[in-house]
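K.L.:
Below are the structure tokens for one structure; questions will follow.
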Amino acid sequence: YTKALDTFAEPDRAQWFLYYARGISNERLGNWDAAEADFRAALDLNPDQPQVLNYLGYSLVEQKTKLDEALDMIERAVAARPDSGYIVDSLGWVLYRLGRYDEAVGHMERAAELMPIDPVVNDHLGDVYWAVGRGREAEFQWHRALSFIDHEDASGDIDPDRVRRKLEVGLDVVLQEEGAPPLRVANDDG
492 YTKALDTFAE PDRAQWFLYY ARGISNERLG NWDAAEADFR AALDLNPDQP QVLNYLGYSL
552 VEQKTKLDEA LDMIERAVAA RPDSGYIVDS LGWVLYRLGR YDEAVGHMER AAELMPIDPV
612 VNDHLGDVYW AVGRGREAEF QWHRALSFID HEDASGDIDP DRVRRKLEVG LDVVLQEEGA
672 PPLRVANDDG
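Structure below.
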């Protein structure tokens, strides 16, 4: 990707995809600072590109950082691609991370309608259901997530052992075991 980018004498809007692709490569290799710089360079060239907005936004959500910026990016991506299950999932997920659980439900349900056999989407929907007190529905979604995991795929997008643990003890205990803060119930004054 770097060689391809070096062939351009001046920045060109068409380069956005090269930065985006290199950003994905860097992110997958664990080079987050370089990945983020590439994603931001892609957005400098094509500010409303929904794939880049979603990838960078979702990555920030997964890192639990810059959540307000991530929300803005993902909302812009959804506006451009409202029928993309991955992007709608990202919107539900950032709202979940922000503790806006009730708002997250509809988006996560829509993502599951768009991508009904995706294990990550079903796992996320389970977490959101758990957060709003819909435990039985959460367990159903976690079972669905496990049933859709491709055990030949080692991408690591979902940890089946973690999903099984949620089924055994619930999300609150799993978060506690991971040293994460407990879920904040929406509209909780405490």
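Numbering-wise, the working numbering comes out as the position in the sequence shown, counting from 1, plus 491.
Even glycine gets a Cβ: it sits at the ideal position worked out from N, Cα and C.
Keep in mind it's a predicted model, so treat the numbers as computed, not measured.
(1) If P541 and A568 are in contact, beta carbons under 8 Å, what's the gap, nearest whole angstrom?
(2) From this set, A533, W621, A595, I578, which residue's C-alpha is nearest L605's C-alpha?
(3) Check whether the Cβ of Q542 lies closer than 6 Å to any heavy atom of the ligand FMN, and answer yes or no.
(4) Whole angstroms is fine: what's the gap from L674's alpha carbon to D663's?
(5) Once the 5 residues before and after G626 are set aside, which same chain residues still bring their CB inside 8 Å of it?
(6) Does the distance from the C-beta atom of L586 to that of E594 stay below 7 Å?
(7) According to DSSP, simplified to helix, strand and coil, what is P651?
(8) In three-state terms, what does DSSP make of Q540?
(9) Check for me: the alpha helix (DSSP H) holding D609 runs from which residue to which?
(10) Pick helix, strand or coil for N613, following the three-state DSSP scheme.
(11) Considering R588, what are the terminal residues of the alpha helix (DSSP H) in which it resides?
(12) Alpha helix (DSSP H) containing N517: first to last residue?
(13) Using the Cβ count rule (16 or more neighbours within 10 Å means buried), how would you classify D580?
(14) I need the boundaries of the alpha helix (DSSP H) containing L666, first residue and last residue.
P.N.:
Checking against the coordinates, here is how it stands:
(1) Against the sequence shown, residue 541 aligns to sequence position 50. Against the sequence shown, residue 568 aligns to sequence position 77. About 4 Å; that satisfies the 8 Å criterion.
(2) As a working mapping, residue 605 is identified with position 114 in the sequence shown. Per the Cα distances, I578.
(3) You won't find the ligand FMN in this model; it holds no ligand whatsoever.
(4) Translated into positions along the sequence shown, residue 674 becomes position 183. Translated into positions along the sequence shown, residue 663 becomes position 172. Distance between the alpha carbons of L674 and D663: 7 Å.
(5) In the sequence shown, counting from the first residue as 1, residue 626 sits at position 135. Answer for G626: Y620, G661, listed in chain order.
(6) The count along the sequence shown starts at 1 and reaches residue 586 at position 95. The count along the sequence shown starts at 1 and reaches residue 594 at position 103. Yes, Cβ-Cβ distance for L586 and E594 is below 7 Å.
(7) Along the sequence shown, read from residue 1 onward, the residue named residue 651 stands at position 160. Look at P651 here: in three-state DSSP terms it is helix.
(8) On the sequence shown, position 49 is the one that residue 540 refers to. In the structure shown, Q540 falls within a coil segment according to DSSP collapsed to helix, strand and coil.
(9) Along the sequence shown, one-based indexing puts residue 609 at 118. Neither: D609 is in no alpha helix (DSSP H) and is coded neither H nor E.
(10) Residue mapping note: residue 613 aligns to position 122 of the sequence shown, counting from 1. Secondary structure of N613 (DSSP, three-state): helix.
(11) Walking along the sequence shown from the start, residue 588 turns up at place 97. Per DSSP, R588 belongs to the alpha helix (DSSP H) from 576-588.
(12) Along the sequence shown, one-based indexing puts residue 517 at 26. In this chain, the alpha helix (DSSP H) harbouring N517 covers 507-519.
(13) Looking up residue 580 in the sequence shown gives position 89. Taking all protein chains in view, the Cβ of D580 is crowded by 16 or more other Cβ atoms within 10 Å, so the residue is classified as buried.
(14) Working through the sequence shown from its first residue, we reach residue 666 at position 175. First-last of the alpha helix (DSSP H) with L666: 662-668.
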